[in-house]
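Just so we're aligned, residue 251 is where the sequence shown starts under my numbering, counting upward by one.
Cβ coordinates follow ideal geometry from the N, Cα and C atoms, glycine included.
Quick caveat: nothing in here was measured; it's all calculated off a predicted structure.
Input: a single structure, listed below in structure tokens.
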Amino acid sequence: MKLFTAITLISTLIFSTLSAHEGPWTAARPDGHAPISVMGDHMHKIGEWMVSYRYMTMDMEGLLKGSNNVLKGDVAGDYTGSMMGNMLPKDMTMDMHMFGTMYAISNKWTLMGMLNYLDNEMSMQSAMIGTMESKGLSDIKLAGLYDLAQWNSGRRMHLNLGLSLPTGSIDEKHTNGNTLGYGMQLGSGTYDFHPAITYLAQNDNYSYGAQLGGILRIGENDQDYTLGNKFEATLWGARKITDSLSASAKFDYSSQSEVDGKDTRMSETMSSALDPKSQGRDITNFGLGLNYYFQNGGLSGHRLAAEWKTPIDQKVNGVQLELDSTWTFGWQYAW
Ligand SMILES: [Cu+2]
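Below you can see the structure in the form of structure tokens.
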């Protein structure tokens with residue numbers, strides 16, 4: 251219910267403070283782009299290009315069963331395949347390097363491509379096991395953004411039609427030869443459809459946005475499992491502080507179901523990391539961010555942004571690590 255309270259609160263804020271703003275929505279201001287962790291938030295004008303780089307780092311530590319913090323002793327009985335729950339995860343860091351490009355083929359369609367490089371590290375309850383690591387190219391994503399409507403009062407809406415290709419490995423192994431858990435793999439192994447709808451609004455000093463979307467997996471991968479489908483809702487507001495700087499607040503909610511099927515190379519009684527039922531979670535994050543837009547001089551057209559977010563509510567399927575915080579830093583350049 252916390253989520254609905256937050257949504258109601260923010261929507262009230264959006265519709266009550268959004269006084270008339272003459273002219274169409276514009277990207278040419280710092281908050282003309284959403285907080286940096288939002289993907290496919292804006293479109294471009296015909297012939298315009300953009301390149302971007304984002305670095306995202308997520309920290310997870312401690313175990314959750316459902317929404318409760320637990321110790322390995324509390325859940326060791328669920329994973330009897332390993333002595334005293336020693337194979338349960340202890341902490342994990344996920345680093346992601348995201349390279350993106352956008353190009354508007356018309357004023358109705360902007361095309362987008364994204365290439366992600368992942369670097370995951372996980373340590374287990376028993377220090378004897380050693381840190382597990384996986385790194386490499388993740389699933390390449392291609393998308394078309396379609397302009398649905400633009401109003402003369404600084405509002406617009408577009409559709410995001412994305413598809414990810416199974417370029418990321420699902421065969422990552424520990425140094426001892428064992429297949430790493432679902433969360434340590436680099437891709438989904440399936441073609442995934444990423445639909446979303448995005449709404450943007452701005453007035454003289456504020457801007458708002460909302461995005462509803464998800465990930466729908468198509469079929470199953472060559473190890474006979476399918477990662478859970480995901481639903482995502484994001485709501486943000488930003489204040490333009492100067493012509494170059496804006497500050498934002500954001501709520502995002504996502505819900506991902508457990509893995510369907512199983513990878514037979516993993517033995518699910520050993521660890522929650524190898525258990526298809528201990529994948530996916532419901533999570534609500536609150537984030538704060540800054541966008542900086544260079545309007546003049548040699549760096550004109552460049553943008554820098556940073557965002558920090560932390561969960562305000564999370565409930566995992568089965569037993570999983572607790573997410574602590576996510577940082578995203580980004581650079582974008584359009585011409
Ligand atoms: Cu762009």
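By DSSP, does Pro-285 sit in helix, in strand, or in coil? Pro-285: coil per DSSP, three-state reduction.
- Item | beta strand (DSSP E) segment containing Asp-324, residue limits | Run containing Asp-324: none in the beta strand (DSSP E); it sits in the alpha helix (DSSP H), 322 to 325.
key: Element boundaries [beta strand (DSSP E), containing Phe-423]   = First, the residue type needs correcting, since residue 423 is Lys and not Phe in the sequence shown. Here Lys-423 belongs to no beta strand (DSSP E), and DSSP marks it neither H nor E.
Between the CA atoms of Asn-546 and Lys-565 - distance to the nearest angstrom: Taking the CA atoms as reference points, Lys-565 sits about 46 Å from Asn-546.
Between Tyr-232 and Leu-495, which are expected to be in contact by the criterion C-beta below 8 Å, what is the C-beta distance as a whole number of angstroms? Past the edges of the chain, shown from 251 to 585, lies residue 232, and the structure says nothing about it.
Next item on the list: Kindly give me the distance between the Cβ atoms of Ser-521 and Ser-332, rounded to whole angstroms, as I take these residues to be in contact under 8 Å.
Entry: Sure, about 6 Å apart at Cβ, within 8 Å.
### Task
Using the beta-carbon of each residue, find all residues closer than 5 Å to any heavy atom of ligand 1 and list them in chain order.
That gives Met-300, Met-352.
>> Cutting at 6 Å between CB atoms, please list the residues of its own chain near Leu-398, excluding the five before and the five after it.
In response: Cβ neighbours of Leu-398 beyond the five flanking positions: Met-407, His-408, Leu-409.
*In chain order, what residues of the same chain lie with their CB nearer than 6 Å to the CB of Ser-287, ignoring the 5 residues before and after it?*
When the five nearest sequence neighbours on each side are left out, the beta carbons in the same chain lying within less than 6 Å of the beta carbon of Ser-287 are those of Glu-557, Thr-578, in order along the chain.
query: In the structure shown, what three-state DSSP assignment does Asp-441 receive?
result: Reading the sequence as shown, one finds Tyr at residue 441 and not Asp. In the structure shown, the three-state DSSP call for Tyr-441 is strand.
key: Distance between Gln-582 and Asp-474 (C-alpha atoms, nearest Å)   = Rounded to whole angstroms, Asp-474 to Gln-582 spans 38 Å at the Cα level.
Straight-line CA distance for Met-251 to Leu-338?
With a pLDDT of 46 at Met-251, under the threshold of 50, the modelled position of this residue cannot be trusted, and the question is left open.
Spatial neighbours of Asn-370 within its chain, please: CB distance less than 6 Å, with the 5 preceding and 5 following residues excluded, ordered by chain position.
Short of 6 Å from the beta carbon of Asn-370, and not among the five residues preceding or following it, lie these beta carbons of its own chain, in chain order: Met-344, Ser-384, Met-434.
*Residues that Val-509 bridges to, as DSSP identifies them*: DSSP, once it has assigned bridges, lists no residue as partnering Val-509.
Can you give the Cα-Cα distance for Asp-493 and Met-308, rounded to whole angstroms? A direct Cα-to-Cα measurement between Asp-493 and Met-308 gives close to 31 Å.
- Query: Which one of Asp-291, Arg-553, Leu-571 has the shortest CA to CA distance from Phe-544?
  - Reply: Between Phe-544 and the set Asp-291, Arg-553, Leu-571, the nearest pair of CA atoms involves Arg-553.
Three-state secondary structure (DSSP) at Asp-374?
In the sequence under discussion, the amino acid at residue 374 is Met, which differs from the Asp named in the question. Three-state DSSP puts Met-374 in a strand.
Endpoints, the beta strand (DSSP E) within which Asn-402 is located
DSSP places Asn-402 in no beta strand (DSSP E); its state is neither H nor E.
By the three-class DSSP mapping on this structure, what secondary structure does Leu-409 have? Under the three-state reduction of DSSP output, Leu-409 falls in the strand class.
Original post:
So, helix, strand or coil for Leu-524, using DSSP?
Top reply: Here Leu-524 sits in helix by DSSP.
Integer-rounded CB distance, given that Pro-285 should sit under 8 Å from Trp-486
That pair is a contact at about 5 Å.
Can you tell which of Leu-540, Tyr-503, Thr-330, Trp-401 has the C-alpha that lies nearest to the C-alpha of Thr-276?
Nearest C-alpha to Thr-276: Trp-401.
Buried or exposed, going by whether 16 or more other CB atoms sit within 10 Å of the CB of Asn-366?
Asn-366 should be labelled buried.
TODO: State the CB to CB distance for the pair Met-362 and Met-306, rounded to an integer number of angstroms; the pair is presumed to be in contact (CB under 8 Å).
DONE: Met-362 to Met-306, Cβ: 17 Å. No contact.
Quick one: what's got a C-beta closer than 8 Å to Gly-316's C-beta in the same chain, skipping five residues either side? Within the same chain, Gly-316 has close Cβ partners Lys-565, Val-566.
**OP:** Give the DSSP-derived three-state secondary structure of Met-251 in the structure shown.
**Re:** Model confidence at Met-251 stands at a pLDDT of 46, short of 50, so the residue's coordinates are unreliable; what they give is reported in the following sentence. Of the three classes helix, strand and coil, the one that applies to Met-251 here is coil, per DSSP.
Would you give the residue range spanned by the beta strand (DSSP E) that Lys-315 belongs to?
Counting along the chain, Lys-315 sits inside the beta strand (DSSP E) bounded by residues 299 to 315.
Check: Name the DSSP bridge partner or partners of Asn-357?
Finding: According to DSSP, which records beta bridges pairwise, Asn-357 is partnered with nothing at all.
N- and C-terminal bounds of the beta strand (DSSP E) containing Arg-515: Here Arg-515 belongs to no beta strand (DSSP E), and DSSP marks it neither H nor E.
Point to revise | Integer-rounded CB distance, given that Phe-481 should sit under 8 Å from Gly-464 | key: Here Gly-464 really is in contact with Phe-481; their C-beta atoms are around 5 Å apart, less than 8 Å.
So for Ile-296, helix, strand or coil by DSSP?
In this structure, Ile-296 counts as coil in the three-state DSSP scheme.
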